[in-house]
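*Asks:*
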Amino acid sequence: MSFYRILTVTLVIAGLCSAASKLNVVTSTEDLAAIGREIGGDRISIESIARGYQDPHFVEAKPSYVLKLQKADLLVTVGVQLEIGWLPPLVNQSGNSKIQVGAKGYFDASTACEILEVPTGTITRADGDVHPLGNPHYWLDPENGRRIGRALKDKFSEMQPADAAYFDQHLKDFEQHLTDAEKRWDAQMAPYRGQKVVTYHRSFPNFSKRFGLNVVDYVEPKPGIPPSPSHTLALINKMKQENIKLILVEPYFDMRTPNSVAQAVGGTALVLLPSVGGEKQVQTYFQLFDYDVNLLTSAFGKYK
Ligand SMILES: [Zn+2]
Numbered sequence: 019m020s021f022y023r024i025l026t027v028t029l030v031i032a033g034l035c036s037a038a039s040k041l042n043v044v045t046s047t048e049d050l051a052a053i054g055r056e057i058g059g060d061r062i063s064i065e066s067i068a069r070g071y072q073d074p075h076f077v078e079a080k081p082s083y084v085l086k087l088q089k090a091d092l093l094v095t096v097g098v099q100l101e102i103g104w105l106p107p108l109v110n111q112s113g114n115s116k117i118q119v120g121a122k123g124y125f126d127a128s129t130a131c132e133i134l135e136v137p138t139g140t141i142t143r144a145d146g147d148v149h150p151l152g153n154p155h156y157w158l159d160p161e162n163g164r165r166i167g168r169a170l171k172d173k174f175s176e177m178q179p180a181d182a183a184y185f186d187q188h189l190k191d192f193e194q195h196l197t198d199a200e201k202r203w204d205a206q207m208a209p210y211r212g213q214k215v216v217t218y219h220r221s222f223p224n225f226s227k228r229f230g231l232n233v234v235d236y237v238e239p240k241p242g243i244p245p246s247p248s249h250t251l252a253l254i255n256k257m258k259q260e261n262i263k264l265i266l267v268e269p270y271f272d273m274r275t276p277n278s279v280a281q282a283v284g285g286t287a288l289v290l291l292p293s294v295g296g297e298k299q300v301q302t303y304f305q306l307f308d309y310d311v312n313l314l315t316s317a318f319g320k321y322k
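Its first residue numbered 19, the sequence shown is counted upward by one per residue in the working numbering.
1. Return the CA-CA distance between Ala-317 and Leu-288, expressed in angstroms with no decimal places.
2. Answer yes or no: the CB of Arg-164 versus the heavy atoms of ligand 1, is any distance below 7 Å?
3. Do Arg-274 and ligand 1 come close, with the Cβ less than 7 Å from some heavy atom?
4. Return the CA-CA distance between Gly-59 and Arg-165, expressed in angstroms with no decimal places.
5. In the DSSP output, which residue or residues are listed as bridge partners for Ser-63?
6. Runs of 4 residues minimum, wholly inside the stretch 103–182: which ones carry the alpha helix (DSSP H) assignment?
7. If we ignore side chains and look at the alpha-carbon of each, how far apart do Leu-87 and Gly-103 end up?
8. Using only the alpha-carbon positions, how far apart do Leu-92 and Ser-293 sit?
9. Any idea what DSSP makes of Ala-205, helix, strand or coil?
10. Using a threshold of 7 Å, is the CB atom of Ser-221 nearer than that to any non-hydrogen atom of ligand 1?
11. Pro-245: beta carbon under 7 Å from a heavy atom of ligand 1?
12. According to DSSP, is Gln-213 part of a helix, a strand, or is it coil?
13. Could you tell me if the beta carbon of Pro-346 falls within a distance shorter than 7 Å of some heavy atom in ligand 1?
14. With DSSP as the reference, identify every bridge partner of Lys-240, one or two as the case may be.
15. For a test of your reading of the model: does the CB of His-249 fall under 7 Å from any non-hydrogen atom of ligand 1? Yes or no.
16. Report the rounded CA-to-CA distance for Ala-127 versus Ala-121, giving the unit in angstroms.
17. For Leu-313, which of helix, strand or coil comes out of DSSP?
18. Could you check if Pro-106 belongs to the surroundings of ligand 1, using beta carbon to heavy atom distance under 7 Å?
19. Assuming Ala-230 contacts Arg-211 (C-beta within less than 8 Å), just tell me the rounded distance between them.
20. Starting from the Cα of Glu-200, find the closest Cα among Phe-225, Leu-290, Glu-132 and give me that residue.
21. Per DSSP, what are the beta-bridge partners of Thr-286 in this structure?
22. Identify every residue that forms a DSSP beta bridge with Asp-73.
Okay, structure coming up:
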């Protein structure tokens, strides 16, 4: 065997080994995949089940999702019951023991994060509330993004220790990039701290807490419950009384009620993105906040 032939064979074997050993990560949402990609770089493969323009509470199950889960080494979920309506049956159908709840390859990112609106007292879904354990849209605070990044670095390193130093470096870069971006976002939002707005769904409490928005009401009477005429009327009155002009709507809701409310109060209904992938040009965790902060500051600027 010539030297080159041995070299070729060696390279092919090395290639096969590295392909086989690459951690295969599946996430429930694009936000988790975007953060995971920052940490895992080219040492992992990672993809999301839900798309960022879909309502993450209600994702239609497809056979292709089961196939993805069958091949996964690690499943990362948002938790706080966000995916309860669609993910557990898919995980079950996959028959993949590595990613079942409690297994090493199952990670609930909420365990690393600050969760708001956690109810005290009796927990019930009887009234249709889709947030019975607290608010699951917690990734919209960059500090929680940082915590998710750290937790994924630990998880990736545990499952693929040969690349631990690489994941460490990528986490450092991610945190530095995030710290720089936060300064920019804070400066942009600073003039508008305390501004009152209405949102369609309770998607933005972490975002609002972080950037000083004051969400005073919702188009939905309760999370997951569609608008009712009486609630809509009360909302219009409140917005008029408090001179609120902006209604922020997630991309997957019908614009008719928000538009008619906006018209009644002389305001605007705008689509604010709760997730990476909500618009084609929003493909990273940084682009998500860039997009939302730019949208808000230009809208507030108009009503100044
Ligand atoms: Zn929700």
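Beta carbons: idealized from backbone N, C-alpha and C, even for Gly.
Nothing here was measured: the structure is a model prediction, and the numbers come from that model.
*Replies:* Taking the geometry as given:
1. Stepping through the sequence shown from its first residue, residue 317 is reached at position 299. Stepping through the sequence shown from its first residue, residue 288 is reached at position 270. The straight-line gap from Cα to Cα measures roughly 9 Å.
2. Here the question's residue 164 lines up with position 146 in the sequence shown. Not so, every heavy atom of ligand 1 lies at least 7 Å from the Cβ.
3. Counting from 1 along the sequence shown, the entry for residue 274 is found at position 256. Checking every heavy atom of ligand 1 against the Cβ of Arg-274, none is found closer than 7 Å.
4. As a first step, residue 59 must be located in the sequence shown, where it is residue number 41. As a first step, residue 165 must be located in the sequence shown, where it is residue number 147. If I take the Cα positions, the gap works out to 18 Å.
5. Translated into positions along the sequence shown, residue 63 becomes position 45. For Ser-63, the beta-bridge partners assigned by DSSP are Asn-42.
6. Runs found: 105–112, 160–177.
7. Along the sequence shown, read from residue 1 onward, the residue named residue 87 stands at position 69. Along the sequence shown, read from residue 1 onward, the residue named residue 103 stands at position 85. Taking the straight line from one Cα to the other gives about 17 Å.
8. By one-based count along the sequence shown, residue 92 stands at place 74. By one-based count along the sequence shown, residue 293 stands at place 275. Taking C-alpha positions only, Leu-92 is separated from Ser-293 by approximately 21 Å.
9. To locate residue 205, count along the sequence shown from 1; it is residue 187. In this structure, Ala-205 counts as helix in the three-state DSSP scheme.
10. As a position in the sequence shown, residue 221 is number 203, starting the count at 1. Yes, ligand 1 has a heavy atom inside 7 Å of this Cβ.
11. One-based indexing of the sequence shown puts residue 245 at position 227. Because no heavy atom of ligand 1 lies under 7 Å away, the Cβ of Pro-245 does not count as near it: no.
12. By one-based count along the sequence shown, residue 213 stands at place 195. Note: Gln-213 maps to coil in three-state DSSP.
13. This structure leaves residue 346 out entirely; the chain is present only between 19 and 322.
14. As a position in the sequence shown, residue 240 is number 222, starting the count at 1. For Lys-240, which the question treats as bridged, DSSP gives the partners Ile-243.
15. Taking the sequence shown and counting its residues from 1, one reaches residue 249 at position 231. Outside the cutoff, so no.
16. For the purposes of this step, residue 127 is identified with residue 109 of the sequence shown, where counting begins at 1. For the purposes of this step, residue 121 is identified with residue 103 of the sequence shown, where counting begins at 1. Straight-line Cα distance between these residues: approximately 14 Å.
17. The count along the sequence shown starts at 1 and reaches residue 313 at position 295. In this structure, Leu-313 counts as helix in the three-state DSSP scheme.
18. Counting from 1 along the sequence shown, the entry for residue 106 is found at position 88. No.
19. Locating residue 230 in the sequence shown gives position 212, where the first residue counts as 1. Locating residue 211 in the sequence shown gives position 193, where the first residue counts as 1. The amino acid occupying residue 230 in the given sequence is Gly; Ala does not appear at that position. Your pair Gly-230 and Arg-211 checks out as a contact, with CB atoms roughly 3 Å apart and the cut at 8 Å.
20. For this step, residue 200 is matched to residue 182 along the sequence shown. Residue Phe-225 is the option with its Cα nearest to Glu-200.
21. In the sequence shown, counting from the first residue as 1, residue 286 sits at position 268. Residue pairing from DSSP places Thr-286 in a beta bridge opposite Leu-264.
22. Position 55 of the sequence shown, counted from the first residue, corresponds to residue 73. Per DSSP, Asp-73 has no beta bridge partner at all.
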